[in-house]
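In the numbering used here, the protein residues as written are 25 to 176.
1) Kindly list the residues whose CB is nearer than 6 Å to the CB of residue 48, restricted to its own chain and excluding five residues on each side of it in sequence; keep chain order.
2) Residue 123 by DSSP, collapsed to three states: which one?
3) Can you give the beta carbon distance from residue 100 to residue 135, rounded, assuming they're within the 8 Å contact cut?
4) Using the C-alpha atoms, what's the distance from residue 79 back to residue 32?
5) Based on DSSP bridge pairs, tell me the residues matched to residue 80.
6) Once the 5 residues before and after residue 117 are set aside, which same chain residues still bring their CB inside 8 Å of it?
7) Using only the alpha-carbon positions, how far apart do residue 41 and residue 144 sit?
8) Decide yes or no for the touch test of the stretch 44-60 against the stretch 149-164: beta carbon pairs closer than 8 Å, at least 3 of them.
9) Please report the straight-line C-alpha distance between residue 123 and residue 86, rounded to a whole angstrom.
10) Whole angstroms is fine: what's the gap from residue 57's alpha carbon to residue 149's?
11) DSSP three-state label for residue 144, please.
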């Protein structure tokens, strides 16, 4: 049953992130331990991207209004080890709502529930697009790549 819950959650995330044609999500498959989706931004001339781990549930919200999902500390640390923007997407399979939280530090413990503040709606997809674009534009990656001394 958990495979079905996870697969439905990944499908719902893929649908939600694709709605405005500003993101190009690619499912990475089961072999990737810390990430489920590689997502590119559509439009910029450079390739800007982020990584997402999807966690799905049919348990709904707790009494504080947070989504009941669990993400172990090690999985969060593995996700945070990517040198790009990384997110956990919590999917409520019953309501078909998707919520995102950024993972940008190593946490002392795992996640036992996900805040529902950042629902993946049209307004927040635009915020996400700009957030990821700003990350890459404010990084020094262009200079690093241009000055990279390869050995091959």
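For each residue, glycine too, the CB sits at the ideal point set by N, CA and C.
Quick caveat, the model's predicted, so the values are computed rather than measured.
On the basis of the data shown:
1) The count along the chain shown starts at 1 and reaches residue 48 at position 24. Cβ neighbours of residue 48 beyond the five flanking positions: 64 and 66.
2) For this step, residue 123 is matched to residue 99 along the chain shown. Strand.
3) Taking the chain shown and counting its residues from 1, one reaches residue 100 at position 76. Taking the chain shown and counting its residues from 1, one reaches residue 135 at position 111. Correct: roughly 7 Å between the Cβ atoms.
4) Here residue 32 corresponds to residue number 8 of the chain shown, with the count starting at 1. Here residue 79 corresponds to residue number 55 of the chain shown, with the count starting at 1. Rounded to the nearest angstrom, the two C-alpha atoms are 10 Å apart.
5) One-based indexing of the chain shown puts residue 80 at position 56. Beta-bridge pairing links residue 80 to 115.
6) Locating residue 117 in the chain shown gives position 93, where the first residue counts as 1. Only 29, 32, 33, 36, 80, 81 and 82 meet the Cβ criterion.
7) As a working mapping, residue 41 is identified with position 17 in the chain shown. As a working mapping, residue 144 is identified with position 120 in the chain shown. Each residue's alpha carbon lies about 7 Å from the other.
8) yes
9) Locating residue 123 in the chain shown gives position 99, counting from the first residue. Locating residue 86 in the chain shown gives position 62, counting from the first residue. Each residue's Cα considered, the two are about 14 Å apart.
10) By one-based count along the chain shown, residue 57 stands at place 33. By one-based count along the chain shown, residue 149 stands at place 125. Distance between the alpha carbons of residue 57 and residue 149: 25 Å.
11) As a position in the chain shown, residue 144 is number 120, starting the count at 1. Residue state, collapsed to three classes: coil.
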